[in-house]
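So the structure is just underneath, and the comments pick up after that.
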Amino acid sequence: MGRVAPHIPDRGDVVWISFSPRRGHEQKGRRPALVLSTKRYTERSSFMFCCPITSRVKGYPFEVPLALKAIRGVVLADQAYTFDCAARSPRFIGKAPDAVVQRVGELVAMIARGR
Numbered sequence: 042m043g044r045v046a047p048h049i050p051d052r053g054d055v056v057w058i059s060f061s062p063r064r065g066h067e068q069k070g071r072r073p074a075l076v077l078s079t080k081r082y083t084e085r086s087s088f089m090f091c092c093p094i095t096s097r098v099k100g101y102p103f104e105v106p107l108a109l110k111a112i113r114g115v116v117l118a119d120q121a122y123t124f125d126c127a128a129r130s131p132r133f134i135g136k137a138p139d140a141v142v143q144r145v146g147e148l149v150a151m152i153a154r155g156r
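Using our numbering, read the sequence shown as starting at 42 and increasing by one per residue.
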C-alpha cells in the first residue's frame with residue numbers, strides 16, 4: 042500500500058501542531074492552531090502561518106472564540122507563528138467558520154499596522 046500524503050494546511054483549517062520549543066510566555070506543546078495562510082503558499086514554501094488555540098479563556102482583547110465539534114476555546118490572534126510543515130507535520134482537525142477566520146485575520150493585520 043502507498044504512503045498517504047501529509048495534509049497541506051489551507052486558510053481556515055484547524056490543525057494539531059507542536060509549538061515547542063518555546064520561550065517566555067509563548068504557547069507550548071502540541072496544541073490546535075488556526076491556519077491563516079493559503080494552501081498555495083504552503084505548497085510553494087512549506088511554511089504555514091497560524092495562531093494557537095487555547096481552552097483557557099482569559100478575556101483578552103485578542104482572543105477570538107472558536108467552537109468546533111472537537112475543539113472549544115479561543116484563538117490567540119496576538120501570538121501568530123510561522124512553522125515549517127515538513128518539520129512539524131500538522132494534523133487536520135476541522136474547518137473554522139469564515140467569520141472566525143476573518144476576525145483573526147483582522148486582528149493580526151491590526152497588530153502588524155500598529156493600531
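Cβ atoms here follow ideal geometry from the backbone N, Cα and C, with glycine treated the same way.
Going by Cα to Cα distance, which pick from the options is closest to residue i?
i: residue 84; options: 57, 125, 108; result: 125
i: residue 90; options: 49, 154, 135, 134; result: 49
i: residue 100; options: 112, 118, 88; result: 118
i: residue 61; options: 145, 138, 55, 130; result: 130
i: residue 76; options: 98, 53, 151; result: 53
i: residue 92; options: 143, 155, 154; result: 143
i: residue 123; options: 155, 47, 149, 154; result: 149
i: residue 152; options: 47, 70, 103, 133; result: 103
i: residue 51; options: 155, 133, 107; result: 133
Quick check on the burial criterion: 16 or more other C-beta atoms within 10 angstroms. Buried or exposed for residue i?
i: residue 66; result: Any reading at residue 66 needs caution, since the residue's pLDDT is 49, under 50, leaving its predicted position unreliable; the model's value is listed next. Under this definition residue 66 is an exposed residue.
i: residue 78; result: buried
i: residue 47; result: exposed
Just to confirm before moving on: does the CB-CB distance between residue i and residue j stay below 9 Å?
i: residue 121; j: residue 94; result: no
i: residue 21; j: residue 81; result: Missing from the structure shown is residue 21; the chain here goes from 42 to 156 and no further.
i: residue 109; j: residue 137; result: yes
i: residue 55; j: residue 146; result: no
Quick test of your reading: residue i and residue j, contact by CB under 8 Å. State the CB separation rounded to the nearest angstrom.
i: residue 105; j: residue 98; result: At roughly 11 Å, the Cβ-Cβ gap does not stay under 8 Å, so residue 105 and residue 98 are not in contact.
i: residue 127; j: residue 86; result: Wrong, their Cβ atoms sit about 10 Å apart, outside the cutoff.
Legend entry - Start-end ranges of the beta strand (DSSP E) lying completely within the region 76-104, minimum 3 residues: 88-95
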